Amino acid sequence: MNADIDVLYIHPARRSDCPMFNLMSVGVVGLMNLLRAQGYRVRGVNCGIEKRLDPRFYLEGWLGGYQPRIIFVDLHWYEHAYGAIEAVRTCKKLYPMIPIALGGISASVFSHEILSSFPEVDFILRGDCEEPIVALVDAVLHSNDSDLHLVPNLSWRRNGEVVENEQSFTLKSFGGIDFVSIDFLEHWPMYYHMGIAEFVDCEPNFWLPIARGCQFDCCFCSGGRESQKRIFKRDQLILRNIDDVHQDLQRLTKLGVIRVNLSHDPACLGESYWRKFLDPVKRFSSSLGVYLEFFQLPSIPFLKALFEFFNVDRSILIFTPISGNEKVRSEGGKHFTNQQFLNVIEHCKRYGVEVGIYFSSNLPFENLQTFQESIELARSLIRIYPPDKLYVINQQIALDPECPMYRDPERYGIIRQFTSFQDYYDYCRDLPNKLQHSDNGFFTTLIDRATLTAMYHGWDLEINFERLQRFPWNEVTLEITPDGVVLIYKNQRVMVSYIVGDLCGFLQSLNLPLSCSQVGFSWPGNMVYEAVKELDTFVTQLYTDKRKREQCV
Numbered sequence: 128m129n130a131d132i133d134v135l136y137i138h139p140a141r142r143s144d145c146p147m148f149n150l151m152s153v154g155v156v157g158l159m160n161l162l163r164a165q166g167y168r169v170r171g172v173n174c175g176i177e178k179r180l181d182p183r184f185y186l187e188g189w190l191g192g193y194q195p196r197i198i199f200v201d202l203h204w205y206e207h208a209y210g211a212i213e214a215v216r217t218c219k220k221l222y223p224m225i226p227i228a229l230g231g232i233s234a235s236v237f238s239h240e241i242l243s244s245f246p247e248v249d250f251i252l253r254g255d256c257e258e259p260i261v262a263l264v265d266a267v268l269h270s271n272d273s274d275l276h277l278v279p280n281l282s283w284r285r286n287g288e289v290v291e292n293e294q295s296f297t298l299k300s301f302g303g304i305d306f307v308s309i310d311f312l313e314h315w316p317m318y319y320h321m322g323i324a325e326f327v328d329c330e331p332n333f334w335l336p337i338a339r340g341c342q343f344d345c346c347f348c349s350g351g352r353e354s355q356k357r358i359f360k361r362d363q364l365i366l367r368n369i370d371d372v373h374q375d376l377q378r379l380t381k382l383g384v385i386r387v388n389l390s391h392d393p394a395c396l397g398e399s400y401w402r403k404f405l406d407p408v409k410r411f412s413s414s415l416g417v418y419l420e421f422f423q424l425p426s427i428p429f430l431k432a433l434f435e436f437f438n439v440d441r442s443i444l445i446f447t448p449i450s451g452n453e454k455v456r457s458e459g460g461k462h463f464t465n466q467q468f469l470n471v472i473e474h475c476k477r478y479g480v481e482v483g484i485y486f487s488s489n490l491p492f493e494n495l496q497t498f499q500e501s502i503e504l505a506r507s508l509i510r511i512y513p514p515d516k517l518y519v520i521n522q523q524i525a526l527d528p529e530c531p532m533y534r535d536p537e538r539y540g541i542i543r544q545f546t547s548f549q550d551y552y553d554y555c556r557d558l559p560n561k562l563q564h565s566d567n568g569f570f571t572t573l574i575d576r577a578t579l580t581a582m583y584h585g586w587d588l589e590i591n592f593e594r595l596q597r598f599p600w601n602e603v604t605l606e607i608t609p610d611g612v613v614l615i616y617k618n619q620r621v622m623v624s625y626i627v628g629d630l631c632g633f634l635q636s637l638n639l640p641l642s643c644s645q646v647g648f649s650w651p652g653n654m655v656y657e658a659v660k661e662l663d664t665f666v667t668q669l670y671t672d673k674r675k676r677e678q679c680v
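For the sequence shown, this note's numbering begins at 128 and goes up steadily by one.
Here you go:
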């Protein structure tokens, strides 16, 4: 017998056969709980997590157990452009008369195009949705379709024509919104084990909003200051009440969460705010860590306060210098010098905290010379920081809808490939046939495709292998996985390479007993230690040969 529910929420996977990017927008939890507070029966499913838990999972089969009255599918990040429409079509096939709504940044930016091109989508809520989602559910569930024109921020169809109601609602206050309760979600305890991109068996963690909006305008981000004005009609940053945040942290700790991931960088929210937030007198748990992505550089006093409040051993700090060239970095929206950055990293080293550092090789105004500066800065970081507490990544940026680069390609010296929702939809649909390093929705005018590919692969040779050499080889074991090379050191798994294909040829050249392909490796467990010793020799020889070539030039 079907279970009657009022609202069904679906977080789509990247594709039904690619259970990635399973992290839900942090605002979704609050939206579903607002509906529950109104007495509506809500059920949700995260398709990627379900696929990870059971490879046989398919959405249509799961849906058969419920009889909803309205369905919401989030389309926040463009990476879900295809997966969201896939989910909508599956729902419409099973429930042809049930209305289906989308929401999120990507849905908001392309609302008119989506409603014009995809008849399976009935509604789109643009911008902030706290009041609009309740108004829409009220209108639909109480058969007051005549009230649809009163729902703020709603895009819909009337007599086959797309209608876009005035976007009159923008969130001004977080009061009364529950951002913690996720028991409406199928297998909700598993959500605490989510990584950034996919479900993994990691320590219990949870993303918590502490603000909305942004005071910066990084060239590659669709959540920046000007994009907030265009997409959400938001002209200022709004902050959550600190007491409410502390109560949420206490609730999460009782639920077994050991690391909280903050939606915003408190260091950028003003000293008066972060000092109240990180007041050590109000510390209620010595075990809770923090995952924090710094928008700019934190001050030394901030770091001191951070680790008086949060557990340093369970914390991860993320820095985004994006380029080793300070001019390229500033053009991208990050405003600090290399020396300032290194000073902060040295301070992090004293605390022994794990840090992740992100560069990119396809930034506007980046060229071979500036990229070499990124390599040199990355080398400096590797040489001063403990290898098991550091990862340095070259992650190429993609073209976010409505980010500054998208709006003004000439200003940033790029050639824009993606100009419509259909472009993002096609990109996600055809992902198995695409290469990460060459299909990002744009090209810079300073670097051609072949050079960009060489830079991307060159990073692996220059940086990841140098990092390999920093480990004490008699204390590590090596695993080769479809996701990259993983070192096990002091019982910790440390990712050291993301380009498995590049390593394929290197490892084969060692004449080791392994089966190797572009998608993964099969390596006898009893050969791991011997292989590591030989890999150490190989890497050393690689760099010896490299230095000889440099001396000859």
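For glycine and all other residues, C-beta sits at the position ideal for the given N, C-alpha and C. No experiment lies behind these values; they were computed from the predicted model shown.
#1: My understanding is that P139 touches A211, with C-beta atoms under 8 Å, so please give their C-beta distance in whole angstroms.
#2: Check the C-beta distance from H373 over to K431 and give it rounded, since I have them as a contact under 8 Å.
#3: Could you give the DSSP three-state label for P513: helix, strand or coil?
#4: Can you name the residues that DSSP bridges to L180?
#5: What would DSSP say about C256, mapped onto helix, strand or coil?
#6: Classify H203: buried if its beta carbon has 16 or more other beta carbons within 10 angstroms, exposed otherwise.
#7: Measure from the alpha carbon of R253 to the alpha carbon of each residue in E247, N280, A228, F245, then state which is nearest.
#8: State the beta-bridge partners of Y418 as determined by DSSP.
#9: DSSP three-state label for F429, please.
#10: Give the secondary structure of V627 by DSSP, where H, G and I count as helix, E and B as strand, and everything else as coil.
#11: Check whether the Cβ atoms of P316 and R367 lie closer than 8 Å to each other.
#12: On the DSSP bridge list, what partners appear for A228?
#13: Is it the case that the region 570-589 contacts the region 549-556, given that we only count it when at least three CB pairs across the two stretches are under 8 Å?
#14: Quick one: what's got a C-beta closer than 6 Å to T217's C-beta in the same chain, skipping five residues either side?
#15: Could you tell me the boundaries of the alpha helix (DSSP H) in which G154 lies?
#16: Report yes if the CB atom of L444 is closer than 8 Å to the CB atom of V482, and no otherwise.
#17: State the start and end residues of the unbroken alpha helix (DSSP H) segment that holds E213.
#18: How about V278 and P259: are their beta carbons less than 8 Å apart?
#19: Given a threshold of 16 other Cβ atoms within 10 Å of its Cβ, counted over all protein chains shown, does G568 qualify as buried or as exposed?
#20: Can you check whether the CB of C346 is closer than 8 Å to the CB of M224?
#21: When you compare the region 534-542 with the region 462-472, are there three or more beta-carbon pairs, one atom per stretch, that lie closer than 8 Å?
#22: Mind listing, in chain order, the continuous alpha helix (DSSP H) runs of no fewer than 4 residues lying wholly within the region 255-336?
#23: From which residue to which residue does the alpha helix (DSSP H) around A369 run?
#24: Count the other CB atoms, across all protein chains shown, that sit within 10 Å of the CB of E657; report buried if there are 16 or more and exposed otherwise.
#25: Pull up the CB-CB distance for N173 and Y318, whole angstroms please, since I reckon it's below 8 Å.
#26: Which residues bound the alpha helix (DSSP H) around E481?
#27: What's the gap between the Cα of I574 and the Cα of N494?
#28: The beta strand (DSSP E) with N173 in it runs from where to where?
#29: Would you mind reading off the limits of the beta strand (DSSP E) that contains V686?
#30: Measure the alpha-carbon distance for F301 versus D201 and round it to whole angstroms.
#31: Within 10 angstroms of the Cβ of S414, are there 16 or more other Cβ atoms? Answer buried if so, exposed if not.
#32: Which class does N452 belong to by DSSP, given the choice of helix, strand or coil?
#33: Going by C-alpha distance, which of R534, D370, D265, I309 is nearest C348?
#34: The beta strand (DSSP E) that contains I541, what's its start and end?
#35: Quick check: the Cα distance between W189 and P195, rounded to an integer number of angstroms?
#36: Report, in whole angstroms, the separation of the C-beta atoms of E240 and F545, which I expect to be a contact under 8 Å.
In terms of the structure at hand:
#1: For this step, residue 139 is matched to residue 12 along the sequence shown. For this step, residue 211 is matched to residue 84 along the sequence shown. Right, the Cβ-Cβ distance comes to about 5 Å (below 8 Å), so this counts as a contact.
#2: Counting from 1 along the sequence shown, the entry for residue 373 is found at position 246. Counting from 1 along the sequence shown, the entry for residue 431 is found at position 304. Between K431 and H373 the Cβ distance is about 19 Å, and since that is not below 8 Å, they are no contact.
#3: Position 386 of the sequence shown, counting from 1, holds the residue named residue 513. In the structure shown, P513 sits in coil (DSSP, three-state: anything other than H, G, I, E or B).
#4: Taking the first residue of the sequence shown as position 1, residue 180 is located at position 53. Paired residues: none, contrary to the question.
#5: Counted from its first residue, the sequence shown places residue 256 at position 129. In the structure shown, C256 sits in coil (DSSP, three-state: anything other than H, G, I, E or B).
#6: Here residue 203 refers to the residue found at position 76 of the sequence shown. That one is buried.
#7: Here residue 253 corresponds to residue number 126 of the sequence shown, with the count starting at 1. Here the closest residue by C-alpha is N280.
#8: Reading the sequence shown from its first residue, position 291 is the one you call residue 418. In the DSSP output, where bridge partners are listed per residue, Y418 has N388, I443.
#9: The residue given as residue 429 occupies position 302 in the sequence shown. It is helical.
#10: What you label residue 627 is simply residue 500 of the sequence shown in a count that begins at 1. Since pLDDT at V627 reaches only 44, below the 50 mark, its modelled position is unreliable, and the value read off the structure follows with that caveat. Correct three-state label for V627: helix.
#11: Start at 1 with the first residue of the sequence shown, and residue 316 comes out as number 189. Start at 1 with the first residue of the sequence shown, and residue 367 comes out as number 240. Against a cut-off of 8 Å, the Cβ pair of R367 and P316 comes out as no contact.
#12: The sequence position of residue 228 within the sequence shown is 101, counting from 1. DSSP lists F199, F250 as partners of A228.
#13: no
#14: Residue numbering aside, residue 217 sits at position 90 when the sequence shown is read from its first letter. For T217, where only same-chain residues beyond five positions count, the Cβ hits under 6 Å are L186, E187.
#15: Residue 154 sits at position 27 when you count from the first residue of the sequence shown. Looking at the DSSP string, the run of the alpha helix (DSSP H) that includes G154 is 153-164.
#16: Against the sequence shown, residue 444 aligns to sequence position 317. Against the sequence shown, residue 482 aligns to sequence position 355. Yes.
#17: Reading the sequence shown from its first residue, position 86 is the one you call residue 213. First-last of the alpha helix (DSSP H) with E213: 208-221.
#18: In the sequence shown, the residue the question calls residue 278 occupies position 151. In the sequence shown, the residue the question calls residue 259 occupies position 132. For V278 and P259, yes; Cβs fall inside 8 Å.
#19: In the sequence shown, counting from the first residue as 1, residue 568 sits at position 441. G568 is buried by the Cβ-count criterion.
#20: Here the question's residue 224 lines up with position 97 in the sequence shown. Here the question's residue 346 lines up with position 219 in the sequence shown. No; because the gap between Cβ atoms is not below 8 Å, this pair is not in contact.
#21: no
#22: 257-268
#23: Position 242 of the sequence shown, counting from 1, holds the residue named residue 369. Strictly speaking, residue 369 in this sequence is Ile, with Ala absent from that position. Run containing I369: 369-381, per the alpha helix (DSSP H) assignment.
#24: For the purposes of this step, residue 657 is identified with residue 530 of the sequence shown, where counting begins at 1. At E657 the pLDDT is 41, less than 50, meaning the model places this residue with poor confidence and gives no usable figure here.
#25: As a first step, residue 173 is located in the sequence shown; it is residue number 46 there, counting from the start. As a first step, residue 318 is located in the sequence shown; it is residue number 191 there, counting from the start. About 7 Å; that satisfies the 8 Å criterion.
#26: The sequence position of residue 481 within the sequence shown is 354, counting from 1. First-last for E481: 481-486, but that is the beta strand (DSSP E), not the alpha helix (DSSP H).
#27: Within the sequence shown, the letter at position 447 stands for residue 574. Within the sequence shown, the letter at position 367 stands for residue 494. Near 6 Å, if we compare the C-alpha coordinates of N494 and I574.
#28: Translated into the one-based positions of the sequence shown, residue 173 becomes position 46. Its beta strand (DSSP E) spans residues 169-173.
#29: Beyond the ends of the chain as shown, which are 128 and 680, falls residue 686; an answer cannot be given.
#30: As a working mapping, residue 301 is identified with position 174 in the sequence shown. As a working mapping, residue 201 is identified with position 74 in the sequence shown. When rounded, the distance between both Cα atoms is 20 Å.
#31: Position 287 of the sequence shown, counted from the start, is the residue given in the question as residue 414. The residue in question, S414, is exposed, as its Cβ has fewer than 16 Cβ neighbours within 10 Å.
#32: For this step, residue 452 is matched to residue 325 along the sequence shown. Looking at N452 - three-state DSSP - the assignment turns out to be coil, as it is neither helix nor strand.
#33: Mapped onto the sequence shown, residue 348 falls at position 221. Per the Cα distances, R534.
#34: Against the sequence shown, residue 541 aligns to sequence position 414. Note, I541: beta strand (DSSP E), 541-543.
#35: By 1-based counting over the sequence shown, the position of residue 189 is 62. By 1-based counting over the sequence shown, the position of residue 195 is 68. Rounded to whole angstroms, W189 to P195 spans 13 Å at the Cα level.
#36: Start at 1 with the first residue of the sequence shown, and residue 240 comes out as number 113. Start at 1 with the first residue of the sequence shown, and residue 545 comes out as number 418. E240 to F545, Cβ: 13 Å. No contact.
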